[in-house]
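Numbering (the numbering used here), first residue to last: 143 to 879.
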């Protein structure tokens, strides 16, 4: 191996600038590397068993390893080991023309960036050379430490484990003619709830098998052996078969080892060149078999068993990430790079194949580089109820609209782990049917339904949010108290949407059965602390928690949400019949401004109640009636869209894709919230009141949720938390006097 000299640098192809080491041509290069295995005008190799295709797949795998290690070492930071152990599998997918590749492993990021560089996708962000690839790794506006939709050619974000399958399954539903492989690490295999979510999906959508988990079985997790490291090959196959996978294709590097490496996990880059080719051939043919199986109706998994860190600077968990000592000047890094170094001709060959594969750079061809066409919904028929008329169930009013949306958009999906019937939205099931292999009219079940009901919030949030990120319309429904189990994937998606380079439908949720309705079920069903989570996310700039006060308001909120892009919209409402307090037009104003005035009574001293929620208005109106008898003026303001009540500088709205910079101005805020005293009232977390408390200059206080308890009624539960008319009245009088 020879170091690149400055003289050689001037003669290099531009993309090679920054490669530190070049090697001699590998054996038989003149025979198998003379022309690209992917012919001009083609999108894939013609034959997985072709010796030239196998040879050039091996070159691609080594190119990926070299770039991954050099890029991470340039910052002495990042994660080369996991990706390196499956480089042959990734290279095989590309050579076979499959570029819609997703990962469940955020630590595979530098490998994916290397792949995007090789096929010229990163040129869209001004990265044309290896030097620029190195310079912009882990830099702002560069190549983030974990995958993001900000990067050209990358289909989905990756960071938290246990999420990649959701994106692959969502894409498979929307694009039934394409394969969506995703890499999953054996260290993360036990994360909630990778395999169970695929099993339920397969029951609901038995024909949508065009996603392909690629298990990277390398024996190690981040800092120790993986928990499945002692399984035998037969046990691993049985595990997948027991979870419904009809085809398990497993390639074990150990079967090709001619160097007597110890242990069950070996490094194929240490084999003789002949055996390296034999192993690569097995992977290429295996991937081809798995891809055809997945595309032809069989739930399939491909397993590559190879030691973690194969071909880079260390092995096992020691290869997982780099430390400050792992620089490009360190002898062990230099040695590893020189061992993987390719000849200049090999680099040019690899790049040509990468560029041709799949019909061009991923940044120009993968499904997420295009906005998914959606059917027009037209004007939804909102039903306006009379203010002061009979109480109505908010969720049911919204459910009617959800059914109409589903009828107009066949790809629209509703997810719910707890059951729509229990949330006052059984009309959704009646209109759209629960996806189930057992047809039963009594339970609104049909295999072709549009309501997805696994008993897992992760699976519900994952498919709904994943479909939204991929361009489809969805609604995730849950009890407020249980939704926390689905929030990790939802948060990943809303952050990705904030960075995304294309518009996509907002991911919309409906959280019902607030804590105040769940007295008899005790604290297990009374967990509104989730609202504090959303309150903090509002500062992202693209998260909008909505609190419609009645059945008119919720229709307007949902109607608006459907028109938005790249946002996370959380609608929280009761499933109990409640008074109608607003007109449709009032909520339209409330959505624009953030809040709407419900009642105003003049007085020498005036108390302003800023109220979040619907049931919480009941003790407030009762308190207002008493205060009026005392000659104290009252304003009751319903806070519908608290994100609008922040000041512009409080949030990162201007950094978001599809930025929304509408906020209530100071004059309007003063007009609505100014008084001698301000009391914020919520049945959830007090943090949701922050935008109001930040801006108010009058005497103020908050009444909010404290904790759950078993009670016989909502009123008793509110009393336990201090949310009573008596307490509100007493505090209001104390503040104004």
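Don't be surprised by glycine CBs; every beta carbon is placed ideally from N, CA and C.
Rounded straight-line distance, which links the Cα of residue j to that of residue i
{"i": "residue 145", "j": "residue 166", "result": "The pLDDT assigned to residue 145 is 46, lower than 50, so where the model puts this residue is not dependable, and the model offers no usable value."}
{"i": "residue 668", "j": "residue 826", "result": "10 Å"}
{"i": "residue 143", "j": "residue 481", "result": "For residue 143, the predicted structure reports a pLDDT of 43, less than 50, and the residue's modelled location is therefore unreliable. A value from the coordinates is still provided. Cα to Cα, the separation comes out at about 8 Å."}
{"i": "residue 608", "j": "residue 394", "result": "32 Å"}
{"i": "residue 870", "j": "residue 765", "result": "6 Å"}
{"i": "residue 552", "j": "residue 592", "result": "8 Å"}
{"i": "residue 316", "j": "residue 443", "result": "20 Å"}
{"i": "residue 476", "j": "residue 470", "result": "6 Å"}
{"i": "residue 542", "j": "residue 576", "result": "16 Å"}
{"i": "residue 109", "j": "residue 206", "result": "Outside the displayed span of the chain (143 to 879) sits residue 109, for which this structure offers no information."}
{"i": "residue 371", "j": "residue 219", "result": "26 Å"}
{"i": "residue 358", "j": "residue 392", "result": "10 Å"}
{"i": "residue 228", "j": "residue 673", "result": "41 Å"}
{"i": "residue 566", "j": "residue 531", "result": "20 Å"}
{"i": "residue 653", "j": "residue 757", "result": "14 Å"}
{"i": "residue 270", "j": "residue 583", "result": "59 Å"}
{"i": "residue 445", "j": "residue 301", "result": "21 Å"}
{"i": "residue 295", "j": "residue 510", "result": "8 Å"}
{"i": "residue 268", "j": "residue 374", "result": "46 Å"}
{"i": "residue 546", "j": "residue 196", "result": "52 Å"}
{"i": "residue 287", "j": "residue 251", "result": "7 Å"}
{"i": "residue 202", "j": "residue 492", "result": "6 Å"}
{"i": "residue 297", "j": "residue 305", "result": "13 Å"}
{"i": "residue 367", "j": "residue 780", "result": "54 Å"}
{"i": "residue 179", "j": "residue 172", "result": "13 Å"}
{"i": "residue 147", "j": "residue 273", "result": "Model confidence at residue 147 stands at a pLDDT of 40, short of 50, so the residue's coordinates are unreliable and nothing is read from them."}
Contacts around residue i, its chain only, beta-carbon distance under 6 Å, and the 5 residues preceding and following it disregarded
{"i": "residue 743", "result": "770, 775, 776"}
{"i": "residue 290", "result": "299, 641"}
{"i": "residue 596", "result": "342"}
{"i": "residue 741", "result": "778"}
{"i": "residue 711", "result": "648, 650, 686, 703"}
{"i": "residue 461", "result": "223, 450, 451, 454"}
{"i": "residue 872", "result": "none"}
{"i": "residue 190", "result": "426, 427, 430"}
Same chain, Cβ closer than 7 Å to residue i, neighbours up to 5 away in sequence not counted
{"i": "residue 735", "result": "786, 806, 810"}
{"i": "residue 241", "result": "499, 500, 504, 507, 508"}
{"i": "residue 599", "result": "559, 620, 624, 625, 627, 628"}
{"i": "residue 200", "result": "418, 419, 422"}
{"i": "residue 483", "result": "143, 163, 164, 165, 208"}
{"i": "residue 262", "result": "497, 503"}
{"i": "residue 149", "result": "Residue confidence for residue 149 is low, a pLDDT of 35 falling below 50, so the modelled location carries little weight; the figure read from the coordinates is stated next. So the list is empty, once near-sequence residues are dropped."}
{"i": "residue 601", "result": "335, 339, 342"}
Beta-carbon proximity of residue i to residue j, cut-off 8 Å
{"i": "residue 761", "j": "residue 642", "result": "no"}
{"i": "residue 516", "j": "residue 615", "result": "yes"}
{"i": "residue 535", "j": "residue 722", "result": "no"}
{"i": "residue 820", "j": "residue 738", "result": "no"}
{"i": "residue 850", "j": "residue 665", "result": "yes"}
{"i": "residue 309", "j": "residue 436", "result": "no"}
{"i": "residue 540", "j": "residue 677", "result": "no"}
{"i": "residue 463", "j": "residue 407", "result": "no"}
{"i": "residue 384", "j": "residue 276", "result": "no"}
{"i": "residue 824", "j": "residue 680", "result": "no"}
{"i": "residue 487", "j": "residue 175", "result": "yes"}
Rounded distance between the beta-carbons of residue j and residue i, thought under 8 Å
{"i": "residue 658", "j": "residue 860", "result": "6 Å"}
{"i": "residue 720", "j": "residue 692", "result": "6 Å"}
{"i": "residue 633", "j": "residue 707", "result": "18 Å between Cβ atoms; not a contact."}
{"i": "residue 656", "j": "residue 714", "result": "6 Å"}
{"i": "residue 456", "j": "residue 410", "result": "Going by Cβ atoms, the distance from residue 456 to residue 410 rounds to 16 Å, so no, they are not a contact pair."}
{"i": "residue 246", "j": "residue 330", "result": "6 Å"}
{"i": "residue 413", "j": "residue 399", "result": "6 Å"}
Close Cβ partners of residue i (< 8 Å) along its chain, the five nearest in sequence each way excluded
{"i": "residue 725", "result": "526, 529, 694"}
{"i": "residue 211", "result": "222, 226, 454, 455, 475, 478, 479, 482"}
{"i": "residue 875", "result": "769, 772, 774"}
Discussion item. Please give me, in chain order, every unbroken run of the beta strand (DSSP E) with length at least 3 that falls completely inside the segment 769-842.
Written reply: 774-781, 819-824
Fill in: Minimum length 4: unbroken alpha helix (DSSP H) runs contained in the segment 514-576
536-550, 568-574
Item to complete: Please go through the segment 484-516 and give each complete alpha helix (DSSP H) segment of 4 or more residues, from N-terminal end onward.
Response: 486-498, 504-507
Discussion item. If we require 4 or more residues per run, which alpha helix (DSSP H) segments fall completely within the segment 680-758?
Written reply: 693-705, 726-735
Item to complete: Would you mind listing the alpha helix (DSSP H) stretches within the segment 370-415 that are 4+ residues and don't spill past its ends, in chain order?
Response: 375-384
Worksheet item: Whole beta strand (DSSP E) runs in the segment 640-665 with 3 or more residues, listed along the chain?
Response: 649-654
Fill in: Complete beta strand (DSSP E) runs within the segment 305-334 (minimum length 3 residues, chain order)
322-327
Fill in: In chain order, each alpha helix (DSSP H) run of at least 4 residues that lies wholly inside the segment 182-223
Qualifying alpha helix (DSSP H) stretches, in chain order: 193-216.
Worksheet item: Quick one: complete beta strand (DSSP E) runs, 3+ long, within the segment 413-479?
Response: The beta strand (DSSP E) runs lying completely inside the segment 413-479 and spanning 3 residues or more are 442-447, given in chain order.
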